[in-house]
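In my numbering, the protein residues as written are 110 to 323.
No residue lacks a Cβ here, since even glycine has one placed at the ideal position from N, Cα and C.
If you're wondering where the values come from, they're calculated on a predicted model, not measured in any experiment.
Read through the structure below, which is laid out as structure tokens, and then see the notes.
Dropping the structure here:
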């Protein structure tokens, strides 16, 4: 399977101690380190113990701009939740959502719906509660899901691949785009066995999806 890499940074995937949050360690500065002035409320700090409080849809105040991703819904696995904006955190990693029920869009990837590669991550679990992407590994090829933008536009994606890879190899899948896909969205969470010694999951689940309608 031929893939082209779209990020210049070399990265390895780490796990936040005490939770199932997938985080990205950037071993050297990414090609784009700053965010456009139009992107506000970027999360740039990661907590080792994200909140597990339920997120009430009617009460949640999204900070998504009109073209930014606001809400993700994966009906075939019963997963849905609001999307935060993730920047680079205090450890030079891609910040993880501060609540296990939220997903995170990496703002140095393209906006979902645009040409190129978008990246969304999220927790598989917390200390005592399942995370938004607890069942991400149960997605199937051809499953469809949606991402709603801040302006109400709904983008529909179709799953192309579900990969379970070793943590150290996950970056090659996460940061690459299929050459025949114009607008791609890759979603990542943790998977496999939880190693209690290292307090990390040994695998990563990476879902590759393509935009099919707006």
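query                                                                                                                                                                          : result
Can you list, in chain order, the residues of its chain with a C-beta nearer than 7 Å to that of residue 238? Leave out the 5 residues immediately preceding and following it. : 161, 209
Between the beta-carbon of residue 178 and the beta-carbon of residue 221, is there less than 8 Å?                                                                             : yes
Please look up how many angstroms separate the CB atoms of residue 228 and residue 273, rounded, as I've assumed it's under 8 Å.                                               : At roughly 18 Å, the Cβ-Cβ gap does not stay under 8 Å, so residue 228 and residue 273 are not in contact.
Are the region 197-204 and the region 145-153 touching, with three or more C-beta to C-beta distances below 8 Å?                                                               : yes
Please report the distance separating the alpha-carbon of residue 287 from that of residue 293.                                                                                : 8 Å
Just how far apart, CA to CA, sit residue 289 and residue 302?                                                                                                                 : 33 Å
Let me confirm a value: residue 306 is counted as buried when at least 16 other C-beta atoms fall within 10 Å, else exposed. Which label applies?                              : exposed
Which residues in the same chain as residue 195 place their Cβ atom closer than 8 Å to its Cβ, once the five residues preceding and following it in sequence are excluded?     : 151, 152, 203, 204, 205, 206, 213, 214, 215, 216, 230
Give the DSSP-derived three-state secondary structure of residue 255 in the structure shown.                                                                                   : strand
Along the chain, where does the alpha helix (DSSP H) containing residue 281 start, and where does it finish?                                                                   : 279-283
Three-state secondary structure (DSSP) at residue 134?                                                                                                                         : The predicted model places residue 134 with a pLDDT of 43, which falls under 50 and marks its position as unreliable; any figure quoted below should be read in that light. Strand.
Applying the 10 Å Cβ sphere with the 16-neighbour rule, what's the burial state of residue 142?                                                                                : Here residue 142 scores only 49 on pLDDT, less than 50, and its place in the model is too uncertain to base an answer on.
Around the Cβ of residue 234, are there at least 16 other Cβ atoms within 10 angstroms (buried) or fewer (exposed)?                                                            : buried
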